[in-house]
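>
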Amino acid sequence: MLTSICGINWGDEGKGRMVDLLSRQFDVVCRYQGGNNAGHTVINERGKFILNLLPSGILRENVVNVLGPGMVIDIRHLNEEANRLREQGIRITPENLKISDRAVITMPYHVLMDCLEEERLADKKFGSTRRGIAPVYADKYMKKAFRIGELLNPELLYSRVKEIVEWKNLTVEKGYGHAPVSAEEIVEYFKKYGEPLKDYVCDTGLYLNEANKAGKNIMFEAQLGALRDIDFGIYPYTSSSSTIAAYAPIGAGVPNLKLTNSIGIMKAYSSCVGEGPFTAEYFGEAAETLRAAGGEYGAATGRPRRVGPFDVVASRYGIRCQGADEIALTKLDVLSGYEEIEICTAYELDGKLVREFPFPDVLDRCKPVFEKVKGWHCDISHCKKPEDLPKEALDYVKRIEELCECKITYVSVGAEREAYVKMN
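So for the sequence shown, the numbering used here puts the first residue at 20; every next one is plus one.
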């Protein structure tokens with residue numbers, strides 16, 4: 020079984036929480052795109068964990084975790100993240116973590132360039148996480164990047180540094196007017212943070228193919244959501260990689276394999292980190308109340324997330340982009356206590372009703388059209404079966420399912436691993 024766990028909306032849907040829950044059914048969990056520019060927060064019986072690069076399967080003893088070739092990996096961050104988890108009692112060895120030799124390394128100068136560009140853009144900034152993601156993907160496609168596999172051949176790796184640094188300083192020093200990048204410092208960086216990773220580096224495509232032949236169950240874990248995809252998202256306010264489930268086998272290193280199932284993750288309301296159009300956004304007291312109830316702050320950056328009611332237009336589009344066969348709806352418990360709950364069922368664009376997600380350029384002119392449903396006033400965190408939920412909560416889930424035209428299989432009613440309802 021090859022299953023993709025993917026975000027339906029703007030990211031931060033609770034994928035890490037669902038991967039942690041569902042990973043007990045899988046032998047391998049693989050991240051296939053992105054870098055440390057987003058985070059997964061997982062709470063289970065072992066504690067609270069924030070993951071940026073490592074797959075959420077790392078928290079299960081019997082799961083092998085893979086960082087695929089579609090990723091961009093900040094090796095300093097990876098070392099620090101792994102060491103932090105080890106201090107929390109998590110085992111991380113070459114037996115349960117495998118890093119693709121074809122993945123690209125996010126360098127310190129990529130982070131620097133990300134920050135310099137956001138500062139240059141000022142009030143026109145993209146809302147970057149300033150983790151170097153756009154610059155490193157740009158270098159990848161300009162064929163001027165370093166790859167993880169090069170750590171295994173340091174002599175050849177170091178011989179490339181001078182040439183790359185000279186090229187990079189054309190932008191850093193002569194473009195932005197910043198102090199130049201030092202070739203010597205880059206070599207030392209590779210020695211300090213590359214050496215500890217050597218035993219983890221391998222051909223992950225070969226490993227995954229062999230695992231598939233052996234009948235292993237493989238999960239592909241995405242970062243961010245469909246609306247942050249470089250091609251299908253709210254460009255240019257997107258990530259720089261493909262967050263789409265169809266890309267999972269490619270980004271994992273197994274383009275010859277086909278997905279068995281795509282599970283889309285979406286919240287019971289909307290949230291968004293960063294800049295860009297967000298049609299159903301709440302402001303003022305309504306936003307503060309929902310943000311506080313949901314603890315809506317970025318796991319990677321700590322930034323307050325923008326929030327709003329569930330957006331059917333954006334979600335139906337995300338479901339289509341992700342080819343979702345089923346949905347896990349997270350954070351239903353956050354809505355407990357509302358007298359009425361709003362659902363954005365359509366947009367109004369220049370006086371016309373819009374039910375299909377439009378081209379991003381017109382989203383700023385769209386206004387949300389709301390439907391109101393009855394809320395509930397009780398704690399639902401103890402619910403284990405659909406019949407345990409209050410009628411109004413169950414009706415809300417069914418209405419979302421009806422509007423989105425995709426079956427909701429799981430509903431999370433709390434942050435803990437087992438705080439969920441399996442729908443009939």
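No residue lacks a Cβ here, since even glycine has one placed at the ideal position from N, Cα and C.
Since this is a predicted model, take the numbers as computed values, not measurements.
Compare the beta carbon distance of N228 and M20 with 7 angstroms and say whether it is the shorter of the two.
Contact flag unset, no.
> Could you tell me whether the region 295 to 305 touches the region 383 to 396, using the rule of 3 or more Cβ pairs below 8 angstroms?
Enough Cβ pairs lie closer than 8 angstroms, so yes.
> Do the region 89 to 104 and the region 43 to 57 meet, that is, are 3 or more Cβ pairs less than 8 angstroms apart?
Counting Cβ pairs under 8 angstroms, three or more are found: they touch.
> To test your reading of the DSSP string, which unbroken beta strand (DSSP E) runs of 3 or more residues are found completely within the region 23 to 87?
The region 23 to 87 contains these whole beta strand (DSSP E) runs: 47 to 50, 59 to 63, 66 to 70 and 83 to 86.
> Evaluate contact between the region 24 to 42 and the region 239 to 246, counting only Cβ atoms and requiring at least three cross-stretch pairs below 8 angstroms.
Touching, yes.
> Assign V381 to one of three DSSP states: helix, strand, or coil.
DSSP places V381 in helix when its eight states are reduced to three.
> Only counting runs of 4 or more residues, tell me where the alpha helix (DSSP H) segments fall wholly within the region 202 to 289, in order along the chain.
Runs of the alpha helix (DSSP H) inside the region 202 to 289: 202 to 213, 223 to 232 and 267 to 271.
> May I ask you to report which of helix, strand or coil DSSP gives M8?
Since the first residue of the chain shown is 20 and the last is 443, residue 8 is not available in this structure.
> Strictly by DSSP, which residues pair up with P323?
Answer is Y316.
> By DSSP, does Y357 sit in helix, in strand, or in coil?
Here Y357 sits in coil by DSSP.
> Could you work out which residue in S355, G224 and I399 is closest to I269 when comparing CA atoms only?
Measuring from the Cα of I269, the nearest candidate turns out to be G224.
> Would you mind giving the Cβ-Cβ distance between F376 and A333, rounded to the nearest angstrom? I have them listed as a contact below 8 angstroms.
About 6 angstroms separates the two Cβ atoms, so the contact holds.
> Between the Cα of I111 and those of S75, A311, G313 and E437, spot the shortest distance and give me the residue it belongs to.
When each option's Cα is compared against that of I111, the closest is S75.
> Can the beta-carbon of I346 be found less than 7 angstroms from the beta-carbon of I427?
Contact: yes.
> Is it true that the CB of N188 sits closer than 7 angstroms to the CB of V180?
No, they are not a contact pair.
> Can you confirm whether the region 351 to 371 touches the region 390 to 405 when touching is taken to mean that 3 or more C-beta pairs between the two stretches lie within less than 8 angstroms?
As far as the Cβ criterion goes, the region 390 to 405 touches the region 351 to 371, which means the pair count is three or higher.
> For the region 165 to 179 and the region 196 to 216, state whether three or more C-beta atom pairs, one from each stretch, are separated by less than 8 angstroms.
The region 165 to 179 is in contact with the region 196 to 216.
> Please classify M238 as buried or exposed, where buried requires at least 16 neighbouring CB atoms within 10 angstroms.
When all chains shown are included, M238 counts as buried.
> Would you mind reading off the limits of the alpha helix (DSSP H) that contains A347?
Careful: A347 lies outside any alpha helix (DSSP H), inside the beta strand (DSSP E) at E345 to T349.
> For D383, I'd like the list of residues in its chain whose CB is within less than 6 angstroms of its CB, leaving aside the five on either flank, ordered along the chain.
Around D383: P296.
> Determine the burial state of M161: buried for a count of at least 16 other Cβ atoms within 10 Å of its Cβ, exposed for fewer.
Label assigned to M161: exposed.
> What does the Cβ neighbour count give for S431, buried or exposed, with the cut at 16 atoms within 10 Å?
Answer is buried; the Cβ neighbour count reaches 16.
> With a threshold of 7 angstroms on Cβ separation, who are the neighbours of A412 within its own chain once the five nearest residues in sequence on each side are excluded?
Correct list, in chain order: L351, W395 and I399.
> Using 8 angstroms for Cβ pairs, my map puts I62 next to Y219. What's the rounded Cβ distance?
Between Y219 and I62 the Cβ distance is about 26 angstroms, and since that is not below 8 angstroms, they are no contact.
> With DSSP as the reference, label E390 as helix, strand or coil.
E390 falls in the strand class under three-state DSSP.
> Residues in its own chain within less than 8 angstroms of Q107 by CB, not counting five upstream and five downstream?
Once the five neighbours on either side are set aside, the close Cβ partners of Q107 are R65, G66 and F68.
> How is R166 classed by DSSP in three states: helix, strand or coil?
Strand.
> Mind checking which residues open and close the alpha helix (DSSP H) that includes T190?
Counting along the chain, the alpha helix (DSSP H) containing T190 begins and ends at P173 to V191.
> How would you write the range of the beta strand (DSSP E) that L116 sits in, first residue to last?
Start and end: L116 to S119.
> Would you list the one or two residues that DSSP bridges to M161?
Bridge partners of M161: none, in fact.
> If you run the structure through DSSP and keep just helix, strand and coil, what is T308?
It is helical.
> Suppose the cutoff is 8 angstroms on Cβ atoms and the five residues either side in sequence are ignored; what does the same chain contact list for T190 look like?
These residues qualify, in order along the chain: M132.
> With H, G and I counted as helix, E and B as strand and the rest as coil, what does DSSP make of L372?
DSSP places L372 in strand when its eight states are reduced to three.
> Taking DSSP's pairing of strands, which residues face E435 in a bridge?
Paired residues: I62.
> Can you tell me whether DSSP reads Y11 as helix, strand or coil?
Nothing can be reported for residue 11: it is not among the residues displayed for the chain, which extend from 20 to 443.
> With distances taken from CA atoms, which of Q341, F329, V273 and P379 is nearest A365?
Minimum Cα distance to A365 is reached at F329.
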